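When you line the sequence shown up against this note's numbering, it's residues 101 to 577, in that order. For glycine and all other residues, C-beta sits at the position ideal for the given N, C-alpha and C. Given the structure is predicted, the values throughout are model-derived calculations rather than measurements. Shown next, in structure tokens, is the structure this report addresses.
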Amino acid sequence: MRAPSYPVVLRVAGRRCLVVGGGTVAAQKAKGLVASGADVVMVAPWFAPESLALDGVRRIERRYRDEDLDDVWLVTTAVDDEAVTAEIAAEAGNRRIWCNAADRPAHCSVTLPAVHRDGDIIVAVSTDGRSPGLSSWLRNRIAANLGDLPSRVLTEAVATRSRLRALRSSEGLSWHDLFDRIADHDASGASRHEAERFLADAVAAPDAPEQASTAARRPRVHLVGAGPGDRDLMTLRAAAVLAEADVVLHDALVGTGVLDLVAPDAELIDVGKRPGRAVPQELISSLLVELAHQGRRVVRLKGGDPFVLGRGGEEALALQDAGVDYEVVPGVSSAIAAPAAAGVPVTHRGVAAAVTIVTGHRAEGVPSVDWRALAGVGGTIVVLMGVAQRALIAGELMTGGLAPDTPVAVVERATQDGESSRRCRLDELATLEAHPPATIVIGPVAAFDLRSSAAVSAIEALGPDAIGSDARGPGRS
Ligand code: SAH
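See the structure below:
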């Protein structure tokens, strides 16, 4: 069995590093070395544009020679020829120079991990050269869970170092305990000043660290967009705050995979609106305020984007009124993602230069949409919450001047189990089968299905401008 490898972090600044190869992979390796301040030399008979574009690199345009290894600390190869790779690796070995060979683990004395950087913190994931894909997948997972917490904890820890030392000796706490405390503090949005005060309190009241920690925590709520359903469409920030939440108030439309990101001991409160049952908005807002005042880390998780027809603004105002800090984490709105899932771009060069997002829901106290005027705006109309009113909407738009044969796409449960899409003409929308949650797209782009090979001819049928000049050669715009 092979001995396990020994991980290190290299300081390459000012040290010569050789990259053999001039292609895309070589350019990537060189770029990473340049970013760490290395004195980078590239050798290759030919350089790809990516390599030519690199600043701060010396390029030698010829085949590799052994003398290229003179004065080199680290060599990395990205060449097609296995024999050349073997030759470089052997010579590097003779000279005691560490060697990384892209895609050829057998010739590596060094393998490169997948890296997540956050300020001075480096998280490196290695499969010891066996599966770079798995390394980067795992790195993404870890990065999503950490968010920027570690570097914030580091900043805090450096700023309060002497106090931390005192705490450690007076209370016999481990560094881990202390970092846990700072992290809790940081997640609650406390400033450095407050963190220091907390540390001072903790020294003064060594018997009640838990109480001190809750009391010093500033109330804070995260208003988070969960995206259209599939949890892979959430932002890294959303995943990070979810993982740290004590309590999550979520909508009915939030995908189940999304809720798996919540810590197992966190409380889930379903405040989703369903037929026959609706939690009043005021109650949700006051619940948010109350939970925040209890010192809990609260996440309000909403489908799509919190501020796109999601009443996120009302919650933000209620929190502001109550003096509770909040952070908005935007999400991918179903207004964009649902059409995309059906192969419909909401704008398209030469076809639709604008997109209007409207609610089809008529509620008391909300000005209703002037559909007839909207018919004259042009571009694409995306209707959320419009299934029940679709007959009225189609009728009004046609009265306003939209052609009866205007293409329509209805996309249900986009990116979730049971996703489906149907197409029709505007004058058929009233009788088209449709079930909420669905997004209705009205306009020429609704005829597109970019997932199908027939897409290009369908688009071409719309006219010569529907395809960008790049696709048609020069002279068109
Ligand atoms: N803030 C949300 C929209 C809330 S309104 C966002 O930005 O996406 C709820 C409406 O969004 C639904 O009635 C439906 O029209 C649309 N919707 C939400 N999820 C959807 C999905 N997965 N597929 C299609 N439409 C969806």
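In the DSSP assignment, the beta strand (DSSP E) including residue i goes from what residue to what residue?
i, result
"His393", "That residue, His393, is in no beta strand (DSSP E); its alpha helix (DSSP H) goes 381 to 393."
"Thr177", "174 to 177"
"Ala214", "214 to 218"
"Asp139", "139 to 144"
"Leu484", "480 to 484"
"Glu528", "Glu528 -> no beta strand (DSSP E), and no H or E assigned at all."
"Arg320", "320 to 325"
"His350", "347 to 350"
Rounding to the nearest angstrom, what Cα-Cα distance links residue i and residue j in this structure?
i, j, result
"Asp346", "Leu387", "14 Å"
"Leu401", "Glu414", "14 Å"
"Val179", "Glu187", "12 Å"
"Thr227", "Ser236", "10 Å"
"Pro107", "Leu212", "10 Å"
"Ala243", "His216", "6 Å"
"Leu118", "Pro250", "33 Å"
"Ile197", "Val341", "44 Å"
"Pro145", "Arg397", "58 Å"
"Gly355", "Val455", "26 Å"
"His461", "Gly476", "21 Å"
"Ala366", "Leu359", "11 Å"
"Ile493", "Thr531", "12 Å"
"Arg102", "Thr447", "55 Å"
"Phe279", "Ile221", "15 Å"
"Val109", "Val210", "11 Å"
"Arg165", "Arg449", "51 Å"
"Leu246", "Pro406", "23 Å"
"His322", "Gly412", "11 Å"
"Pro507", "His393", "50 Å"
"Asn240", "Leu361", "14 Å"
"Gly137", "Gly156", "9 Å"
"Glu344", "Val379", "25 Å"
"Val225", "Ala214", "5 Å"
Using three-state DSSP, classify residue i as helix, strand or coil.
i, result
"Cys117", "strand"
"Thr459", "strand"
"Ala509", "strand"
"Trp198", "strand"
"Ala308", "Confidence at Ala308 is low in this model, with a pLDDT of 39, below 50, so the placement of that residue is unreliable and no value is reported for it."
"Met334", "coil"
"Arg490", "helix"
"Leu169", "helix"
"Phe279", "helix"
"Ala339", "helix"
"His448", "strand"
"Gly122", "coil"
"Thr499", "helix"
"Glu161", "strand"
"Thr185", "helix"
"His535", "coil"
"Thr515", "coil"
"Leu550", "coil"
"Ala224", "strand"
"Leu110", "coil"
"Leu401", "strand"
"Ala257", "helix"
"Leu368", "strand"
"Val578", "Since the first and last residues shown for the chain are 101 and 577, residue 578 lies out of range."
Considering Cα atoms alone, identify which of the options is closest to residue i.
i, options, result
"Ala202", "Gly193, Asp181, Asn194", "Asp181"
"Leu174", "Gly193, Gly156, Arg163", "Gly193"
"Thr539", "Ala416, Ala442, Glu191", "Ala442"
"Thr499", "Gly479, Thr506, Arg472", "Arg472"
"Val133", "Ala435, Ala453, Val112", "First, the amino acid is wrong: residue 133 is Leu here, not Val. Out of Ala435, Ala453, Val112, Val112 has the C-alpha closest to the C-alpha of Leu133."
"Ala547", "Ala530, Leu349, Ala440", "Ala440"
"Ser552", "Arg490, Val444, Val371", "Val444"
"Ser385", "Gly403, Leu417, Asp370", "Leu417"
"Ala326", "Gly404, Leu492, Ser209", "Gly404"
"Val389", "Asp421, Val371, Ala127", "Asp421"
"Gly123", "Gly410, Met142, Val510", "Met142"
"Leu154", "Leu323, Gln128, Glu167", "Gln128"
"Gly121", "Thr177, Leu336, Ala534", "Thr177"
"Gly595", "Arg241, Pro205, Asp218, Val140", "Nothing can be reported for residue 595, as the shown portion of the chain is limited to 101 through 577."
"Gly219", "Arg252, Glu191, Asn200, Ala190", "Arg252"
"Ala463", "Ser434, Met485, Glu191, Arg158", "Met485"
Starting from residue i, trace the alpha helix (DSSP H) both ways and give me its first and last residue.
i, result
"Asp421", "412 to 421"
"Thr356", "356 to 359"
"Gly233", "232 to 246"
"Leu474", "471 to 475"
"Ser521", "Per DSSP, Ser521 belongs to no alpha helix (DSSP H); it is in the beta strand (DSSP E), 520 to 525."
"Leu152", "149 to 152"
"Ala435", "434 to 441"
Checking contacts by CB at 8 Å: is residue i closer than that to chain B?
i, result
"Val477", "No chain B is part of this structure, which consists of one protein chain only."
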